[in-house]
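Asks:
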Ligand code: F6P
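In the working numbering, the protein residues as written are 11 to 555.
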């Protein structure tokens, strides 16, 4: 069954939220905290090893309740059941959306076309486990009978970003294998990667759901040619494996059938790291850690499925995001992890969030008149404090920000961790409280400045505050907690898509550029050219000259 097509702006809750927004838009969070001693507790959720503090948001209990009402009015509960049970909610591609089934236990039952898909998923997991152990332990050797030292993941978009982000985030748990990621069709970059590799001891994992993606196939072909300079065609079977739904195309490329790890159409590329697309993760941190990542995600799935909306982390975060996006007209959200390990987390979420919810046609096929997908950006703290935090603190734009931090450091350096976490906590306090003119003047007076100097400098030293943040405080970065964190954002995407009445699981918006690039490539190769506007034509001519 399809999702309903309810325009959120026509709901009763939306109208009430519009009225409520007028009464609360100028209220300072400082005053809300002053009035309510229990605010921090009542707006926080403690679950497993997660402490999510949503109290530093420009919302009160009434507003939150109206947001929950909105979720009820758009039938979110029913939509969640449809999502997990494999209804064809990716309607424009006529597909179910079942990345959650990839992390379900062996005993679960999830049906696609009347068939339980869980046994098949676990067969592939067993194949990933056996392959991982053979490579990591050195049982499976190269064509010159040497253990593998390096893994190259060749893929793009969801076939790159997820594995790359997780491998980087879990580097503390990594084994001896060196991992590399080739995604861009930029030949210079491919050459930079291969120039330091020994083809004799390198394993190539080609990841492409469709196995038709120009970038991935070009990179795979270039790398195969390079490999064949020092090996024979028969050696390809030992050095190249593939992850794909398109078995025929993979075989055409010359990959041995035993070296194909299947995936399925009901897994979207940007949600696929839990499938065999995560093979490089498993190779890099070991299968047990890959399993732990999946288990963490499954725990978050259970939480999302069963917790009431008030205590449901993805639901609360999604609703707050709708609140800022649609009522405060916030354009973007920043995601700031206070750990260098999550360096690629915002980049990964950019695809997850923006490819999913960057839509302007509703589920009935009509143009949308309200804002949908937010712009996502971010870098680890504290580096970002020394880069763009100025704008978040004192700029003219409202940027709701997620702060992600871990209670324990992995290497246990207390001095560093205290400094890191002090910044993590202080920033949300500063963003919320700000600094009044009076406080700014007092500080300047304490520095013995003249009255004239104080008056002229004070305006620049004022922080209005009232900048919203969510703090996601987690006990420790582990495969399990990372799995929970990624799944948390996946479900936030789902909730927002349901509310905005859009299809979150297609990505037609990436097609037009691909088509036109194919035409231009044809022209560059000397074939007949199509008419272009003068700007495009000049650029083509400039390149050819
Ligand atoms: O950019 C569009 C897209 O289809 C993404 O959704 C996907 O993750 C990526 O291309 C790669 O696709 P494939 O895995 O089929 O090569």
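Every residue, glycine too, gets a C-beta built ideally from N, C-alpha and C.
Thinking C-alpha only, which one of 433, 179, 469 is nearest residue 449?
Replies: As a working mapping, residue 449 is identified with position 439 in the chain shown. With distances taken between Cα atoms, residue 449 lies closest to 469.
Asks: What's the C-alpha gap between residue 110 and residue 237?
Replies: The sequence position of residue 110 within the chain shown is 100, counting from 1. The sequence position of residue 237 within the chain shown is 227, counting from 1. When rounded, the distance between both Cα atoms is 37 Å.
Asks: Could you please give the first and the last residue of the uninterrupted alpha helix (DSSP H) stretch that includes residue 87?
Replies: To locate residue 87, count along the chain shown from 1; it is residue 77. First-last of the alpha helix (DSSP H) with residue 87: 86 to 95.
Asks: Using only the alpha-carbon positions, how far apart do residue 363 and residue 386 sit?
Replies: Residue numbering aside, residue 363 sits at position 353 when the chain shown is read from its first letter. Residue numbering aside, residue 386 sits at position 376 when the chain shown is read from its first letter. So the alpha carbons of these two residues sit roughly 7 Å apart.
Asks: Where does the unbroken alpha helix (DSSP H) through residue 518 begin, and where does it stop?
Replies: Within the chain shown, residue 518 is the residue found at index 508, counting from 1. From DSSP, residue 518 is part of no alpha helix (DSSP H); its letter is neither H nor E.
Asks: Quick check: residue 185 and residue 332, are their CB atoms within less than 8 Å of each other?
Replies: Here residue 185 corresponds to residue number 175 of the chain shown, with the count starting at 1. Here residue 332 corresponds to residue number 322 of the chain shown, with the count starting at 1. Cβ distance not < 8 Å, so residue 185 and residue 332 don't count as in contact.
Asks: Quick one: what's residue 160 bridged to in DSSP?
Replies: Against the chain shown, residue 160 aligns to sequence position 150. DSSP, once it has assigned bridges, lists 188, 212 as partnering residue 160.
Asks: I need the straight-line Cα distance from residue 167 to residue 428, nearest angstrom please.
Replies: As a first step, residue 167 must be located in the chain shown, where it is residue number 157. As a first step, residue 428 must be located in the chain shown, where it is residue number 418. One C-alpha to the other measures close to 36 Å.
Asks: Relative to the C-alpha of residue 158, which candidate in 96, 208, 401 has its C-alpha closest?
Replies: To locate residue 158, count along the chain shown from 1; it is residue 148. Of the candidates 96, 208, 401, the one whose C-alpha sits nearest the C-alpha of residue 158 is 208.
Asks: Going by CA-CA distance only, name the one from 193, 511, 401, 424 that's closest to residue 381.
Replies: Working through the chain shown from its first residue, we reach residue 381 at position 371. It is 511.
Asks: Below 6 Å CB to CB, which residues in the same chain sit around residue 477 once its five sequence neighbours on both sides are set aside?
Replies: Along the chain shown, read from residue 1 onward, the residue named residue 477 stands at position 467. Once the five neighbours on either side are set aside, the close Cβ partners of residue 477 are 441.
Asks: So, with DSSP's three-state summary, where would you put residue 237?
Replies: Within the chain shown, the letter at position 227 stands for residue 237. The answer is helix: DSSP assigns residue 237 an H, G or I state.
Asks: Enumerate in chain order the residues of its own chain whose CB-to-CB distance from residue 181 is below 8 Å, with the five nearest sequence positions on each side excluded.
Replies: Mapped onto the chain shown, residue 181 falls at position 171. Closer than 8 Å at Cβ, skipping near neighbours: 351.
Asks: Restricting to Cα atoms, I'd like to know which of 216, 189, 210 is closest to residue 203.
Replies: For the purposes of this step, residue 203 is taken as residue 193 along the chain shown, with counting starting at 1. Considering only alpha carbons, the answer is 189.
Asks: Does the segment 42 to 51 come close enough to the segment 78 to 96 to have 3 or more Cβ pairs within less than 8 Å?
Replies: Cβ pair count under 8 Å is below three, so no.
Asks: Pair every Cβ in the segment 326 to 346 with every Cβ in the segment 388 to 406, then say whether three or more of these pairs are closer than 8 Å.
Replies: Because the criterion of three Cβ pairs below 8 Å is met, the segment 326 to 346 and the segment 388 to 406 touch.
Asks: Kindly indicate which residue of 523, 549, 329, 548 has the alpha-carbon position closest to the one of residue 502.
Replies: Working through the chain shown from its first residue, we reach residue 502 at position 492. The option with the nearest alpha carbon to residue 502 is 329.
Asks: To which residues does DSSP link residue 343 through a beta bridge?
Replies: Here residue 343 is taken as the residue at index 333 of the chain shown, counted from 1. Answer is 386.
Asks: Would you mind giving the Cβ-Cβ distance between residue 276 and residue 122, rounded to the nearest angstrom? I have them listed as a contact below 8 Å.
Replies: For the purposes of this step, residue 276 is identified with residue 266 of the chain shown, where counting begins at 1. For the purposes of this step, residue 122 is identified with residue 112 of the chain shown, where counting begins at 1. About 6 Å separates the two Cβ atoms, so the contact holds.
Asks: Can you tell me which of 32, 101, 104, 90 puts its alpha carbon nearest to the alpha carbon of residue 70?
Replies: In the chain shown, residue 70 corresponds to position 60, counting from 1. The residue with the shortest Cα to Cα distance from residue 70 is 32.
Asks: What residues in its chain sit with their C-beta under 6 Å from that of residue 229, if we drop five residues either side in the sequence?
Replies: By 1-based counting over the chain shown, the position of residue 229 is 219. Same-chain partners within the cutoff: 164, 192, 200.
Asks: Does the segment 494 to 501 come into contact with the segment 296 to 316, if we say contact requires no fewer than three beta-carbon pairs (one atom in each stretch) closer than 8 Å?
Replies: Cβ pair count under 8 Å is three or more, so yes.
Asks: Comparing alpha-carbon positions, which option in 222, 27, 217 lies nearest residue 286?
Replies: Translated into the one-based positions of the chain shown, residue 286 becomes position 276. Per the Cα distances, 217.
Asks: To the nearest angstrom, report how far apart residue 509 and residue 375 are at their CA atoms.
Replies: Here residue 509 refers to the residue found at position 499 of the chain shown. Here residue 375 refers to the residue found at position 365 of the chain shown. Roughly 15 Å separates the two Cα atoms.
Asks: Please classify residue 559: is it buried, with 16 or more other beta-carbons within 10 angstroms of its beta-carbon, or exposed?
Replies: Since the first residue of the chain shown is 11 and the last is 555, residue 559 is not available in this structure.
Asks: By a C-beta neighbour count over all protein chains shown, 10 Å radius and 16 as the cutoff for buried, is residue 28 buried or exposed?
Replies: In the chain shown, residue 28 corresponds to position 18, counting from 1. Classification for residue 28: exposed.
Asks: Looking at C-beta atoms only, is the number of pairs between the segment 479 to 490 and the segment 414 to 434 that lie closer than 8 Å three or more?
Replies: As far as the Cβ criterion goes, the segment 479 to 490 touches the segment 414 to 434, which means the pair count is three or higher.
Asks: Could you tell me the boundaries of the alpha helix (DSSP H) in which residue 298 lies?
Replies: For the purposes of this step, residue 298 is taken as residue 288 along the chain shown, with counting starting at 1. Unbroken alpha helix (DSSP H) run through residue 298: 297 to 316.
Asks: What three-state label does DSSP hand residue 118 in the structure shown?
Replies: In the chain shown, counting from the first residue as 1, residue 118 sits at position 108. Residue state, collapsed to three classes: coil.
Asks: Could you work out which residue in 154, 73, 90 is closest to residue 317 when comparing CA atoms only?
Replies: Taking the chain shown and counting its residues from 1, the one referred to as residue 317 is at position 307. The option with the nearest alpha carbon to residue 317 is 90.
Asks: Only counting the same chain, and skipping five residues up and downstream in sequence, which positions put a Cβ closer than 6 Å to that of residue 195?
Replies: Residue 195 sits at position 185 when you count from the first residue of the chain shown. Cβ within range, chain order: 225, 228.
Asks: Does the structure place the segment 92 to 110 close enough to the segment 57 to 77 that three or more beta carbon pairs sit under 8 Å?
Replies: No: fewer than three Cβ pairs fall under 8 Å.
Asks: Out of 336, 435, 384, 424, point me to the one whose CA is closest to residue 348's CA.
Replies: Residue 348 sits at position 338 when you count from the first residue of the chain shown. Per the Cα distances, 435.
Asks: At a threshold of 7 Å, does residue 226 count as lining ligand 1 (C-beta to nearest heavy atom)?
Replies: Locating residue 226 in the chain shown gives position 216, counting from the first residue. Residue 226: yes, Cβ under 7 Å from ligand 1.
Asks: Taking 7 Å as the cut-off, is the beta-carbon of residue 520 closer than that to any non-hydrogen atom of ligand 3?
Replies: Ligands in the displayed structure: ligand 1; ligand 3 is not one of them.
Asks: Assuming residue 146 and residue 187 are in contact, meaning their beta carbons sit under 8 Å apart, how far apart are those beta carbons, in whole angstroms?
Replies: As a first step, residue 146 is located in the chain shown; it is residue number 136 there, counting from the start. As a first step, residue 187 is located in the chain shown; it is residue number 177 there, counting from the start. Rounded, the Cβ-Cβ distance is 7 Å, consistent with contact.
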